[in-house]
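Numbered per the working numbering, the sequence shown spans residues 2 to 325. By construction, the Cβ of each residue, glycine as well, lies at the ideal position given by its N, Cα and C atoms.
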Amino acid sequence: MQLKEVLERTHIVSIPTKTNFRGVQVREIALIEGNENWGEFSPFLEYEAEEAINWLKSAIESAETPFQSNGIDFIPVNATLPAVPIEQVGEVLSWFPGCNTVKIKVGTKEDLQRIREVFRVNAGARIRLDANGLWSVVEAKSFLENLNKEFGSSLDYVEQPCQTLAENQQLKNELTFPLKIAIDENLRKVREGGNLNEILEVADLLIIKVAPLGGISACLQLIEKVDIPVVVSSALESSVGISAGVALAAQLRIKSEPPLPFGLGTVALLEGDIVTNPLLPVDGKIKVEKVNIDINQLKKYSVSESRKIWWHQRITDTYSLGSL
């Protein structure tokens, strides 16, 4: 798809979030209308063009590729709990009906209280912790060791506990109990020439996010090179972006029985959506189906003319840097 066509087919929307998600309270999204499908270009606003290239590749690929369910009807998903006030934990979990696995954002002073509240609401919960690299090795080790004493059997894995691969390796070596480490942010360096083998020495699981890794095809190429579990997850997209993750997860679902719950239920964290069939969790699962754009919702969440100009320039700058 040439740049002129991309710009002509782009619709910009702004959808509020229900919570403060790592400082994000509004998701601005560029939706690209293709002949076969729709694609979503929604790198966070602070990302420079170089970091946004893969997101644009993914959006264009989705717009040009028919949605495929691979005969799968549903995929299991986890709940996602941002760093909300303790009194809001139960409400947020109610947005993910049937999701017994809960991914909890950590790295704040209230982490332990928030985790305890999860178990107060759902005593049988299984938890995943996501630090987004905010911990030092010392902080991670201390917190995880103490948490293991209280909730050890309920810990699924910790995602990107420390910023660097070396720190995560050190943490893995120093922990006095077995805990799976999932790698997210470090994995994106592979697309920039990083060494996958070094990551696989540390990672027990990989977190696969379609847009930051450059699209479904790029993700499949990466997954073919590894023999450890992967968890397809979101980057707080609308149902259009989530549908790309769902399509990838549906392909992986064929190979894994039973599958790990995927991190694709995050449409529940948005105030609204721009499709007639939002990909929201029901009974711990989301439906595997092509999403249908709701023109009225496109109009409702449409942005100002100045924001459209800003996004068109962003797409232009990003397109000029990549082989698209």
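Query, Result
"To the nearest angstrom, how far is it from the Cα of glycine 328 to the Cα of leucine 4?", "Within the shown structure, residues of the chain are numbered from 2 to 325, placing residue 328 beyond reach of any answer."
"So isoleucine 16 is in the beta strand (DSSP E); what residue range does that whole segment cover?", "11-22"
"Looking at C-alpha atoms only, which residue of Tyr320, Leu176, Phe263 and Leu94 is the closest neighbour of leucine 207?", "Phe263"
"So, at 8 Å on beta carbons, what are the nonlocal neighbours of phenylalanine 152 in its own chain, with the 5 sequence-adjacent residues on each side left out?", "Ile116, Phe120 and Ile128"
"For lysine 226, collect the residues of the same chain with a Cβ closer than 8 Å to its Cβ; drop the 5 residues on either side in sequence, then sort them by chain order.", "Leu197"
"Give the list of continuous alpha helix (DSSP H) stretches no shorter than 4 residues that lie fully inside the stretch 22-93.", "50-65"
"Looking only at its own chain, which residues have a Cβ that is under 7 Å from the Cβ of isoleucine 54, when we skip the five neighbours before and after it?", "Thr319, Leu322 and Gly323"
"Would you kindly work out how many angstroms separate the C-alpha atoms of alanine 64 and serine 218, rounded to a whole number?", "13 Å"
"Run through the DSSP bridge pairs and tell me what arginine 129 is partnered with.", "Lys104 and Tyr158"
"So, does the stretch 68-88 touch the stretch 101-109, judging by three or more C-beta pairs under 8 Å?", "yes"
"Contact between the stretch 159-178 and the stretch 15-25: three or more CB pairs below 8 Å?", "no"
"When the Cα atoms are used, what is the spatial distance from glutamate 140 to threonine 165?", "14 Å"
"Going by the DSSP bridge assignment, what does leucine 207 pair with across the sheet?", "Ile184 and Val231"
"If I'm right that glycine 335 touches leucine 261 with Cβ under 8 Å, what's the distance once you round it to whole angstroms?", "Because the chain in this structure spans residues 2 to 325, residue 335 falls outside the shown range and cannot be described."
"For the stretch 277-292 and the stretch 43-52, state whether three or more C-beta atom pairs, one from each stretch, are separated by less than 8 Å.", "no"
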